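Input: a single structure, listed below in structure tokens.
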Amino acid sequence: MKTLLATLLLLSALVLAPQGAQAQPVLTTPAIPSVTIPAVTLPAVPAQQITAGHAVALGVGLFVGATAGSALIHGGALAAAIGGLAGLAVGHWVWTEAEQD
1 MKTLLATLLL LSALVLAPQG AQAQPVLTTP AIPSVTIPAV TLPAVPAQQI TAGHAVALGV
61 GLFVGATAGS ALIHGGALAA AIGGLAGLAV GHWVWTEAEQ D
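Taking full-length UniProt numbering, the leading residue of the sequence shown gets 1, the next gets one more, and so forth.
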């Protein structure tokens, strides 16, 4: 009985033992070629000079335009947005005209 048990243990150990490199396939991936990106030079952008007065003019224009747009076009977000954009344009125009004088 001991020899039968020893034989079964030996056979199960051989069957369950790892097979090594032969059983494991080697996966190779192709080499990815390197990509070269051409250099792009951007022109220098002059710094924006927004002063406190310009910001106030834009803010007042935005507020007044949104309020007037909402009142004149009978309310709504679209009316406030249209009025706000118009107010920004008017505020910017007023500031640039005042700066030129």
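Backbone N, C-alpha and C fix where the C-beta goes; we use that ideal spot for every residue, glycine too.
None of the values given here were measured: they were computed from a predicted structure.
Pairwise C-alpha distance: residue j and residue i
i   : j   : result
Q48 : W95 : 15 angstroms
L62 : E97 : 18 angstroms
A79 : P38 : 47 angstroms
L4  : L27 : 41 angstroms
Cβ distance (whole Å) where residue i is taken to contact residue j below 8 angstroms
i   : j   : result
A66 : G91 : Not quite, the Cβ-Cβ distance comes to about 12 angstroms (not below 8 angstroms), so this is no contact.
G69 : G83 : 2 angstroms
Three-state secondary structure (DSSP) of residue i
i   : result
G76 : coil
T7  : helix
A31 : coil
V40 : coil
I82 : helix
V56 : helix
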